[in-house]
Amino acid sequence: MDMESRMKSSTRTEKGTVIVDVVGQIDMGSSPVLRKTLLDSLKSTESVAINLSAVRYIDSSGIASLLEVFKAARSSEKRFVMFGVTGAVLQVLQLTRLTGIFEICDTEEQAINA
Amino acid sequence: MSFHLKLVMPSHPRYLSIARAAVGEVGLVHGLPEESCHGITLAVDEALANVIRHAYKGRHDQEMELNCRIVEDRLEFTLLDQGEPPDPARICGQPLDEVSLGGRGTHLIRAVMDEVCYERVPRGNQLRLIKYLPVSKAGVDKK
Numbered sequence: 001m002d003m004e005s006r007m008k009s010s011t012r013t014e015k016g017t018v019i020v021d022v023v024g025q026i027d028m029g030s031s032p033v034l035r036k037t038l039l040d041s042l043k044s045t046e047s048v049a050i051n052l053s054a055v056r057y058i059d060s061s062g063i064a065s066l067l068e069v070f071k072a073a074r075s076s077e078k079r080f081v082m083f084g085v086t087g088a089v090l091q092v093l094q095l096t097r098l099t100g101i102f103e104i105c106d107t108e109e110q111a112i113n114a
Numbered sequence: 001m002s003f004h005l006k007l008v009m010p011s012h013p014r015y016l017s018i019a020r021a022a023v024g025e026v027g028l029v030h031g032l033p034e035e036s037c038h039g040i041t042l043a044v045d046e047a048l049a050n051v052i053r054h055a056y057k058g059r060h061d062q063e064m065e066l067n068c069r070i071v072e073d074r075l076e077f078t079l080l081d082q083g084e085p086p087d088p089a090r091i092c093g094q095p096l097d098e099v100s101l102g103g104r105g106t107h108l109i110r111a112v113m114d115e116v117c118y119e120r121v122p123r124g125n126q127l128r129l130i131k132y133l134p135v136s137k138a139g140v141d142k143k
């Protein structure tokens with residue numbers, strides 16, 4: 001784990017969907033790394049899912065990064081979906097009134113098959 | 001004796017997690033529910049990030065100060081920096097129904113905190129964030 005950012009991410013592919021598993025805290029130090037990972041993943045596939053179940057914190061810069069990936073997916077007619085959205089992450093999405101903007105699934109299975 | 005926490009740190013994102021940990025614990029110790037603890041943590045973090053991003057223009061070698069006090073029935077956070085004064089338009093935030101990439105930090109701060117007050121003081125920019133404590137807990141602390 002990057003000690004400066006306190007965030008770690010890894011990617012895997014399930015049924016053609018690239019899944020980005022994120023662990024830790026997404027803040028102004030780590031969100032640029034996550035943004036790049038997600039945008040790079042989007043270039044190589046038609047569908048990207050981000051697993052946020054192990055994310056304990058996200059700030060507005062993290063939300064902005066997710067929005068940027070969402071917009072990039074939409075403009076290239078690809079799919080960007082998130083799952084494992086609970087606790088602190090859900091609270092920030094609600095506070096920023098973005099729960100209706102993103103495609104949010106309850107489980108990984110739904111994210112892959114939707 | 002009253003509680004006063006003071007953190008003086010470089011304007012580098014690596015220190016934000018320390019401030020977050022401290023603020024969350026202060027909220028828990030003083031009886032705020034978990035969701036409110038996360039809220040005040042987010043608000044203070046966003047305010048510090050704004051200092052780094054806007055007041056210091058991304059410079060990581062400047063000084064920022066965070067004070068946390070319990071004043072009667074409220075938690076009071078005071079942030080101090082010696083950077084550029086904030087743009088009044090940015091302090092007001094932007095409409096949240098727009099899917100724009102930036103400017104949500106100020107809205108988060110205002111959504112979470114009960115009072116937000118910016119002042120230009122002799123030592124620089126001072127942002128005061130206030131969160132009222134649950135009534136029962138504030139009553140206990142007064143005794």
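Residue numbers (the working numbering), protein chains in the order written: chain A, 1 to 114; chain B, 1 to 143. Note that the Cβ used here is the ideal one computed from N, Cα and C, for glycine as well. In this text, all values refer to a predicted model and were calculated from it rather than measured experimentally.
- Nearest to leucine 66 (chain B) by C-alpha distance, out of B:Arg110, B:Val135, B:Val26 and B:Pro134, is B:Val26.
- For arginine 20 (chain B), the enclosing alpha helix (DSSP H) begins and ends at 16 to 29.
- Pairing asparagine 125 (chain B) with aspartate 87 (chain B) gives a Cβ-Cβ distance that is not under 7 angstroms.
- When C-beta atoms of the region 55 to 66 of chain A are compared with those of the region 27 to 43 of chain A, three or more pairs fall below 8 angstroms, so the two segments count as touching.
- Among the residues of the region 108 to 136 of chain B, those with a Cβ less than 9 angstroms away from any Cβ of chain A are Leu108, Ala111 and Val112, in the order of the chain.
- With a 10 Å radius around the Cβ and a threshold of 16 neighbouring Cβ atoms, isoleucine 18 (chain B) comes out exposed.
- Closest in C-alpha terms to lysine 6 (chain B), from the list B:Arg123, B:Gly105, B:Arg69 and B:Arg74, comes B:Arg69.
- Put simply, the backbone Cα of isoleucine 50 (chain A) is about 36 angstroms away from that of glycine 83 (chain B).
- Using a Cβ-Cβ cut-off of 8 angstroms, glutamate 35 (chain B) is close to Gln91 of chain A, given in chain order.
- By alpha-carbon distance to isoleucine 109 (chain B), the top candidate from A:Thr96, A:Asp40, A:Cys105 and A:Phe70 is A:Thr96.
- Valine 89 (chain A) is positioned such that its CB atom lies closer than 7 angstroms to that of isoleucine 58 (chain A).
- Annotation note: the region 103 to 128 of chain B contains the following uninterrupted beta strand (DSSP E) runs of length 3 or greater, listed N- to C-terminal: 115 to 121.
- Under the three-state reduction of DSSP, isoleucine 101 (chain A) is assigned to coil, being neither helix nor strand.
- Proximity of leucine 66 (chain A) to chain B, defined by a Cβ-Cβ separation below 7 angstroms, is not satisfied.
- A residue is called buried once 16 or more other Cβ atoms fall within 10 Å of its Cβ, and arginine 120 (chain B), having fewer, is exposed.
- Where glutamate 84 (chain B) is concerned, there is no enclosing beta strand (DSSP E), because DSSP gives it neither an H nor an E.
- Residues of the region 90 to 112 of chain A with a C-beta less than 9 angstroms from any C-beta of chain B: Gln91, Val92, Leu95, Thr96, Arg97, Leu98 and Ile101, listed in chain order.
- Under the three-state reduction of DSSP, glycine 24 (chain A) is assigned to strand.
- Taking a contact as a CB-CB distance under 8 angstroms, the pair valine 23 (chain B) and threonine 41 (chain B) counts as one, their CB atoms being some 5 angstroms apart.
- According to DSSP, residue pairing for serine 9 (chain A) in a beta bridge involves A:Val22.
- Scanning A:Ile19, A:Val48 and A:Ile26 for the CA closest to the CA of arginine 20 (chain B) turns up A:Ile26.
- Contact between valine 20 (chain A) and threonine 37 (chain A) holds: CB atoms are separated by about 6 angstroms, below the 8 angstroms threshold.
- No Cβ-Cβ contact shorter than 7 angstroms links leucine 79 (chain B) with aspartate 45 (chain B).
- Distances from the CA of alanine 111 (chain B) to each of B:Pro33, B:Pro122 and B:Lys131 were compared; the closest alpha carbon is that of B:Lys131.
- The alpha-carbon of serine 75 (chain A) is positioned some 44 angstroms away from that of valine 8 (chain B).
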